[in-house]
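Chains as they are written, first to last, in my numbering: chain A, 257 to 368; chain B, 18 to 131.
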């Protein structure tokens, strides 16, 4: 079946450093979503990318969708302690339905 | 305020018990999902439902079944609980559309099977 992998699995940074997580799919995706899960919380939707090569920004967060629509990245500039959590990408599971397959996630720890 | 509510935050069950996890959403969403979350493995899809009485298997359906008799409610059933089903279970819902739409999650149920 379809697989969505993320690297790294874990990243520890000093506050103010940049952070990037990468998402790779075994199949071409029609769209990709990103979610953030705070410690002890549930995943919360951040953004959806649809077009090949699309780049979207939310304040210090930059999201990219690869040209081949098989990979994506999330970059955080100048991390803050509020960025702590697990970041997941998610893509459609194939077929005509809205099945949603999540990646393995990247846990971000930020040291003040 | 949109809401997905899971019936229990924490649950402890014995091996061999039949376990019901309930999820209710108040957003009139067609799609509902059950995932389990384990460290290092991300969110793995157990079952997906796109309409009342309609379901699709996810990546790890073995040992689980589901029920969707009403649009707002999606139940996950562990037919005979085993210790390897100890995990965090997350329910989610979304609107049905041609592309994916934002999924809203419940607070999760941490199930321990002893």
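Cβ coordinates follow ideal geometry from the N, Cα and C atoms, glycine included.
Those residues which DSSP pairs with residue i across a bridge
i	result
residue 49 of chain B	B:66, B:110
residue 268 of chain A	A:365
residue 332 of chain A	A:275, A:317
residue 346 of chain A	A:289, A:358
residue 59 of chain B	B:55
residue 130 of chain B	B:30
residue 74 of chain B	B:64
residue 92 of chain B	B:39, B:84
residue 261 of chain A	A:280
residue 123 of chain B	None; residue 123 of chain B has no bridge partner.
residue 341 of chain A	A:364
Residues near residue i in its chain [Cβ-Cβ closer than 6 Å; skip 5 each side]
i	result
residue 97 of chain B	33
residue 259 of chain A	282
residue 317 of chain A	332
residue 20 of chain B	43
residue 49 of chain B	66, 91, 110
residue 266 of chain A	363
residue 284 of chain A	325, 326
Assumed close pair residue i, residue j - CB separation to whole angstroms, cut-off 8 Å
i	j	result
residue 23 of chain B	residue 89 of chain B	Residue 23 of chain B to residue 89 of chain B, Cβ: 13 Å. No contact.
residue 332 of chain A	residue 346 of chain A	Going by Cβ atoms, the distance from residue 332 of chain A to residue 346 of chain A rounds to 18 Å, so no, they are not a contact pair.
residue 80 of chain B	residue 62 of chain B	That belief does not hold up - the Cβ atoms of residue 80 of chain B and residue 62 of chain B are roughly 14 Å apart, past 8 Å.
residue 293 of chain A	residue 342 of chain A	5 Å
residue 95 of chain B	residue 36 of chain B	4 Å
residue 85 of chain B	residue 72 of chain B	6 Å
Beta-carbon spacing of residue i, residue j below 8 Å
i	j	result
residue 302 of chain A	residue 340 of chain A	no
residue 116 of chain B	residue 327 of chain A	no
residue 59 of chain B	residue 344 of chain A	yes
residue 47 of chain B	residue 68 of chain B	yes
residue 368 of chain A	residue 273 of chain A	no
residue 335 of chain A	residue 262 of chain A	no
residue 25 of chain B	residue 103 of chain B	no
residue 366 of chain A	residue 300 of chain A	no
residue 280 of chain A	residue 114 of chain B	no
Neighbourhood of residue i by C-beta distance below 8 Å, restricted to the same chain and skipping five residues each side
i	result
residue 314 of chain A	302, 303
residue 31 of chain B	98, 130, 131
residue 28 of chain B	36, 38, 126, 127, 128, 129
Local conformation of residue i per DSSP, three classes
i	result
residue 314 of chain A	strand
residue 327 of chain A	strand
residue 117 of chain B	coil
residue 234 of chain A	The displayed coordinates of chain A run from 257 to 368. Any statement about residue 234 of chain A would go beyond what the structure contains.
residue 22 of chain B	strand
residue 102 of chain B	helix
Same chain, Cβ closer than 7 Å to residue i, five either side skipped, listed in chain order
i	result
residue 309 of chain A	321, 323
residue 305 of chain A	287, 288, 312, 319, 321, 328
residue 100 of chain B	32, 130
residue 124 of chain B	23, 26
residue 82 of chain B	94, 96
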